[in-house]
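For the record, the sequence lines run as chains A and B.
Quick note on numbering: the first sequence equals residues 0 to 254 in numbering that gives the first Met the number 0.
Quick note on numbering: the second sequence equals residues 0 to 254 in numbering that gives the first Met the number 0.
See structure below.
There are 2 protein chains.
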Amino acid sequence: MPSSLTAENTAGRPRRLVIAGMEGCTNCAICEVRAHGVCSALRDDELERLARAAVRMTVPPGHIFIEEGSRATDFFNVTGGTVKLFKSLPDGRRQITGFVSVGHFLGLAVSDRYAFGAEAIDQVKLCRFSRPKLEGMIEEFPRMERRLLAEAANELVTAQDQMLLLGRKTARERVASFLYGQLENHYGDAIPPNAQISFPMTRADIADFLGLTVETVSRTLSGLRKDGLVTLNAGHGITVISPVRLEAIARGGES
Amino acid sequence: MPSSLTAENTAGRPRRLVIAGMEGCTNCAICEVRAHGVCSALRDDELERLARAAVRMTVPPGHIFIEEGSRATDFFNVTGGTVKLFKSLPDGRRQITGFVSVGHFLGLAVSDRYAFGAEAIDQVKLCRFSRPKLEGMIEEFPRMERRLLAEAANELVTAQDQMLLLGRKTARERVASFLYGQLENHYGDAIPPNAQISFPMTRADIADFLGLTVETVSRTLSGLRKDGLVTLNAGHGITVISPVRLEAIARGGES
DNA sequence: CCGGTGCAATGATCCAGGTCAATGCTGTTA
DNA sequence: TAACAGCATTGACCTGGATCATTGCACCGG
Chain A
0 MPSSLTAENT AGRPRRLVIA GMEGCTNCAI CEVRAHGVCS ALRDDELERL ARAAVRMTVP
60 PGHIFIEEGS RATDFFNVTG GTVKLFKSLP DGRRQITGFV SVGHFLGLAV SDRYAFGAEA
120 IDQVKLCRFS RPKLEGMIEE FPRMERRLLA EAANELVTAQ DQMLLLGRKT ARERVASFLY
180 GQLENHYGDA IPPNAQISFP MTRADIADFL GLTVETVSRT LSGLRKDGLV TLNAGHGITV
240 ISPVRLEAIA RGGES
Chain B
0 MPSSLTAENT AGRPRRLVIA GMEGCTNCAI CEVRAHGVCS ALRDDELERL ARAAVRMTVP
60 PGHIFIEEGS RATDFFNVTG GTVKLFKSLP DGRRQITGFV SVGHFLGLAV SDRYAFGAEA
120 IDQVKLCRFS RPKLEGMIEE FPRMERRLLA EAANELVTAQ DQMLLLGRKT ARERVASFLY
180 GQLENHYGDA IPPNAQISFP MTRADIADFL GLTVETVSRT LSGLRKDGLV TLNAGHGITV
240 ISPVRLEAIA RGGES
């Protein structure tokens, strides 16, 4: 039975749902993520109304602000930091279904309960909307709904990629896919040789995202280093020497 | 490297995109799936307009009607039969990302290309809409967009469940999850003991859906039979003796 | 400067599920 | 009613990645 080494994080030291900072936000028009996220679909006068529905929050690293299976009372828009979304099994095995950062929307639920948990990786800033308020907004601003649908479609495509990864890729291909994905996040589609990336998540997070163990992630990264594909820098930094070869591996087109 | 035994299906005998039957549909109001699908969101007069945009199609078993990576020109609504959605790797490894049947919508794409392929498992009936036409419809009938968003949210939740399955569940848990899912499809949430199910997909399809090999699926089913949890009937029929215990296994709460 | 705490890396061993190879079963064509 | 084709099952064996154990390496507080 595969297990997750991060299990004891939850089992041993259950984290409370603590919200550190929370203040009203009166001006969405000057919001730092105006260009991204759901808000980008709105005109200035519409943002005015949005502002009244939104509450700004700051969540410290390691804290869970959406508890798996809890009542889905709110929607969130990430305005800073990185969040991991996850699902767990009763014995502590955990699957991270995605990492989301600035501009991303969070909280679509079918039933009245969240199907996943959300935990801050680093210092995370959020814009929170109550469910009824957001529903009112959607009713009023069709462009916002359009935007939501587009984001959902996007996430669906990402989810399908991840299913292919989890169901059929080797450890090496999974790690290469993860690294290449991080490259794309930073550089877009013009990735230079010797591209640098640094990400906030630990090996354990990466393992839980890729359906592997920490040890395998570590060994596989060492393998890529020995093969001259990457260098491992201080902190969580990595230099990808040949993004092209990395992508080939990620795609499953190379051993 | 894990491999998919269905690889030669594509490699050896590439299937052409053949559409067997195709006729105009003039009356969506009497459509057999009126109660399900996107159409259920519309009033009769709206259906009238929908009818003019829709084309009915029949696709024979085994035929691919959406080619992975091809131009996303159409949207489909499944009105009969079962479709498998899949993604593949260059060497033929394949992951089935979902089975969709009557009422389900199909074809949401981020870019202008489909990110997945779609193949008919049995005789499949479809309602086809051209992309621009559907976009017009959405513009005109906000309730249809609402419906689409709801379905996307639903699929997202299902996708997350599947990621947990593929990343962290054992073979036994995966097969139990699949069977239990089939039970839910047939019976809703009131599943009686000794519930019967029969599904159109082969062991190879199940394997590609669960990230396993045909052999492991076969052995695991035999294991469940030996443990008195199921009986394997003729054709693709299975009787689930104890749905409660099956669900416990599926949830990861039992060895 | 030292001891501690929390990752990360590496080594040794194990095993769940993959691979390879028959064998069975069922339906279909002749 | 035989011969074939296409799954499905079962067995024997192998291996990629999991498990268990140790060591290394920062960064922090005293």
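By construction, the Cβ of each residue, glycine as well, lies at the ideal position given by its N, Cα and C atoms.
Source: prediction; values computed, not measured.
Report the neighbours of residue i on chain B: residues whose CB is nearer than 8 Å to its CB, in chain order.
i	result
residue 152/A	107, 108, 109, 151
residue 141/A	141, 144
residue 147/A	148
residue 245/A	Those within 8 Å of residue 245/A in chain B number zero; the least Cβ separation is about 16 Å.
residue 223/A	Per Cβ cutoff of 8 Å: no residues; residue 223/A is ~17 Å from chain B at best.
Mapping DSSP to helix, strand and coil, what is residue i?
i	result
residue 153/B	helix
residue 247/B	helix
residue 193/B	coil
residue 171/A	helix
residue 202/A	helix
residue 166/A	helix
residue 79/A	strand
residue 21/A	Residue placement at residue 21/A is poorly supported in this model, since its pLDDT is 39, which falls under 50; the coordinates still yield a value, given next. Strand, per DSSP.
Taking the continuous beta strand (DSSP E) assigned at residue i, which residues delimit it?
i	result
residue 230/A	229-231
residue 240/A	That residue, residue 240/A, is in no beta strand (DSSP E); it is neither H nor E in DSSP.
residue 136/A	Segment 130-139 is the alpha helix (DSSP H) holding residue 136/A; no beta strand (DSSP E) there.
residue 55/A	53-58
Leaving out five residues on either side along the sequence, give the residues of the same chain with a beta carbon under 7 Å from the beta carbon of residue i.
i	result
residue 202/A	213, 216, 217
residue 231/B	220, 224, 237
residue 128/B	52, 53, 73, 74
residue 245/B	175, 178, 179, 228, 239
residue 172/B	248, 249, 251
residue 60/B	119, 120, 121, 122
residue 130/A	71, 72, 73, 74
residue 68/B	112, 113
residue 195/B	236, 238
residue 159/A	none
Apart from the five residues just before and just after residue i, which ones in its own chain have a Cβ nearer than 6 Å to its Cβ?
i	result
residue 85/B	93, 95, 116
residue 120/B	81, 83, 199, 200
residue 71/B	108, 111, 112, 113
residue 176/B	164, 249
residue 133/B	74
residue 235/B	197, 198
residue 208/B	95
residue 97/A	84
residue 190/B	182, 242
residue 206/B	212, 213, 216
For residue i, return the contacting residues in chain A, with the cut-off set at a CB-CB distance below 9 Å.
i	result
residue 115/B	156, 159
Sorted by chain position, which residues of the same chain lie with C-beta nearer than 8 Å to residue i's C-beta, five sequence neighbours on each side aside?
i	result
residue 107/B	74, 147, 151
residue 12/A	With a pLDDT of 29 at residue 12/A, under the threshold of 50, the modelled position of this residue cannot be trusted; read the value that follows with caution. Counting only Cβ-Cβ distances below 8 Å, and skipping sequence neighbours, we find nothing.
In chain A, what lies closer than 8 Å to residue i by C-beta?
i	result
residue 251/B	88, 89, 90, 92
residue 200/B	The contacting residues do not exist; residue 200/B stays about 15 Å from chain A at best.
residue 178/B	Near residue 178/B there are no residues of chain A at all, since even the closest Cβ is about 18 Å away, more than 8 Å.
I need the boundaries of the alpha helix (DSSP H) containing residue i, first residue and last residue.
i	result
residue 218/B	213-225
residue 71/B	That residue, residue 71/B, is in no alpha helix (DSSP H); it is neither H nor E in DSSP.
Using the beta-carbon of each residue, which ones in chain B are nearer than 9 Å to residue i?
i	result
residue 56/A	The contacting residues do not exist; residue 56/A stays about 23 Å from chain B at best.
residue 133/A	None at all; the shortest Cβ gap to chain B is about 12 Å.
residue 220/A	Going along chain B, no residue has its Cβ under 9 Å from residue 220/A, so there is no contact; the nearest lies around 19 Å.
List the residues of chain A that residue i touches, going by C-beta distances under 7 Å, in chain order.
i	result
residue 136/B	Near residue 136/B there are no residues of chain A at all, since even the closest Cβ is about 13 Å away, more than 7 Å.
residue 49/B	The contacting residues do not exist; residue 49/B stays about 18 Å from chain A at best.
Output, in chain order, the set of chain B residues within a Cβ distance shorter than 7 Å of residue i.
i	result
residue 231/A	Simply none; closest approach about 24 Å.
residue 182/A	Simply none; closest approach about 19 Å.
residue 125/A	Correct list: empty, because the minimum Cβ distance to chain B is about 20 Å.
Q | beta strand (DSSP E) runs wholly inside the segment 82-127 of chain B, at least 3 long, in chain order | A | 93-100, 116-119
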